[in-house]
Amino acid sequence: MKKKLVVLSGAGVSAESGINTFRDAGGLWEGHDVMEVASSEGFRKNPALVLDFYNKRRKQLHEVHPNKAHTLIAQLEDVFDVTVITQNVDDLHERAGSNNVIHLHGELLKARCTQNENTIIRWTADITLGTLHPTTQQQLRPHIVWFGEAVPAITKAMQIVKQADYIIVIGTSMQVYPAAGLIDYAKPNAPIYYIDPNPAQLPHLSNPVEVFPLKGSEGMKIVVENLIKINEL
Ligand code: OAD
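Per full-length UniProt numbering, the sequence shown starts with residue 1, numbered consecutively.
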């Protein structure tokens with residue numbers, strides 16, 4: 001039986017692939033206030049701007065590739081039963097080969113009708129005002145969880161974290177809840193490895209915690225070596 005390993009990833013894991021993080025540029029994301037383009041209120045105020053913003057992010061997926069951190073996370077499946085719980089909306093974990101990925105904040109390559117959140121479909125093209133959901137014939141929107149909206153995947157994510165034997169937290173400023181609260185559900189003896197060049201202060205936990213103030217690829221290399229050694233003991 002493989003031990004269970006959970007990876008909690010944020011924007012920083014995709015930084016070395018060339019995707020900007022949210023908070024490193026002083027709260028601006030690709031030149032926009034995060035709340036302007038990533039909140040339900042922002043969408044109500046200026047839907048055309050928000051749709052255009054996600055069209056650009058979706059197009060950017062053609063120009064970027066998984067980096068070493070994504071690849072090492074995928075390779076952990078050789079040894080562990082791995083679930084990746086990501087706040088990211090890109091598909092780089094999947095492209096690197098990870099098989100179990102939960103996207104807490106939605107996915108750029110999915111869309112849904114503005115009137116019904118249960119109408120999620122795969123979508124690769126641009127969405128503009130007037131692009132309709134093929135079934136409901138209502139305005140389409142990106143399948144992104146914006147500020148002000150519920151995070152449906154969080155319940156499943158909590159259950160998975162509760163069962164983890166090891167946890168890796170990588171590339172997140174741990175500022176956005178409920179995602180940042182997931183480590184509170186870790187078993188008290190499950191080691192937590194936190195990789196981030198500018199790590200946040202983690203809440204007080206009884207778990208053994210090791211912080212690696214490094215880029216994702218560098219930190220993952222060390223953590224993988226450690227994990228494989230521990231697992232062989
Ligand atoms: P943030 O932009 O808040 O944090 C990114 C983290 O990545 C920071 O702690 C950086 O220090 C770290 N970082 C930068 N370069 C890195 C590298 N090369 N390797 C590893 N880490 C690096 O991003 P998140 O914590 O993911 O939500 O943000 C959480 C949520 O806030 C996002 O999912 C998004 C945003 O608003 C929605 O859009 C709903």
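From the three backbone atoms N, C-alpha and C, an ideal C-beta is built for every residue, glycine too. Because the structure is a prediction, the values reported are computed rather than measured.
Taking contact to mean 3 or more Cβ pairs, one atom from each stretch, closer than 8 Å, check whether the region 155–170 and the region 7–15 are in contact.
Because the criterion of three Cβ pairs below 8 Å is met, the region 155–170 and the region 7–15 touch.
Count the other CB atoms within 10 Å of the CB of residue 41; is the residue buried (16 or more) or exposed (fewer)?
Label assigned to residue 41: exposed.
Give every residue of the same chain whose Cβ lies closer than 6 Å to the Cβ of residue 29, excluding the five residues on either side of it in the sequence, and list them in chain order.
Closer than 6 Å at the Cβ level, and outside the excluded window around residue 29, lie 22.
Around the Cβ of residue 86, are there at least 16 other Cβ atoms within 10 angstroms (buried) or fewer (exposed)?
Counting Cβ neighbours within 10 Å, residue 86 comes out buried, since at least 16 surround it.
For residue 32, tell me which candidate among 13, 64, 57, 217 has the shortest Cα-Cα distance.
It is 57.
Could you pull the DSSP bridge partners for residue 193 from this structure?
According to DSSP, residue 193 bridges with 168, 210.
Pull up the DSSP beta-bridge partners for residue 142, would you.
Residue 142 pairs with 111.
Can you find the residues in the same chain that come closer than 6 Å, C-beta to C-beta, to residue 191, ignoring five residues on each side of it along the sequence?
Excluding positions up to five away in sequence, the list reads 166, 208.
Since residue 82 sits in a beta bridge, which residues does DSSP pair it with?
DSSP output for residue 82 lists 5 as bridge partner(s).
State the Cα-Cα distance for the pair residue 152 and residue 176, rounded to the nearest angstrom.
In a straight line, the C-alpha of residue 152 is about 15 Å away from that of residue 176.
Where does residue 106 fall in DSSP's three states?
Strand, per DSSP.
Please name the residue in 162, 232, 174, 204 whose C-alpha comes closest to that of residue 4.
Closest by alpha carbon: 162.
Pairs of beta-carbons, one from the region 212–229 and one from the region 58–66, closer than 8 Å: are there three or more?
No: fewer than three Cβ pairs fall under 8 Å.
DSSP three-state call for residue 131: helix, strand or coil?
Looking at residue 131 - three-state DSSP - the assignment turns out to be coil, as it is neither helix nor strand.
Would you tell me roughly how many angstroms separate the C-alpha atoms of residue 100 and residue 84, rounded to the nearest one?
Approximately 6 Å, taken between the alpha carbons.
Taking only heavy atoms of the ligand OAD into account, decide whether any of them is closer than 7 Å to the Cβ of residue 198.
True, at least one ligand heavy atom lies under 7 Å from that Cβ.
Quick one: Cα of residue 35 to Cα of residue 147, how far?
Cα to Cα, residue 35 sits roughly 7 Å from residue 147.
Can you tell which of 188, 12, 212, 117 has its C-alpha closest to the C-alpha of residue 89?
Of the listed residues, the one whose Cα sits closest to residue 89 is 12.
Please find out if some non-hydrogen atom of the ligand OAD comes closer than 7 Å to the beta-carbon of residue 6.
The answer is no for residue 6.
Less than 8 Å between the CB atoms is what I'm expecting for residue 136 and residue 119, so what's the real figure, rounded?
At roughly 6 Å, the Cβ-Cβ gap stays under 8 Å, so residue 136 and residue 119 are in contact.
Measure the beta-carbon distance from residue 51 to residue 128 and round it to whole angstroms, keeping in mind my assumption that it falls under 8 Å.
Indeed they touch by this definition, with Cβ atoms about 6 Å apart.
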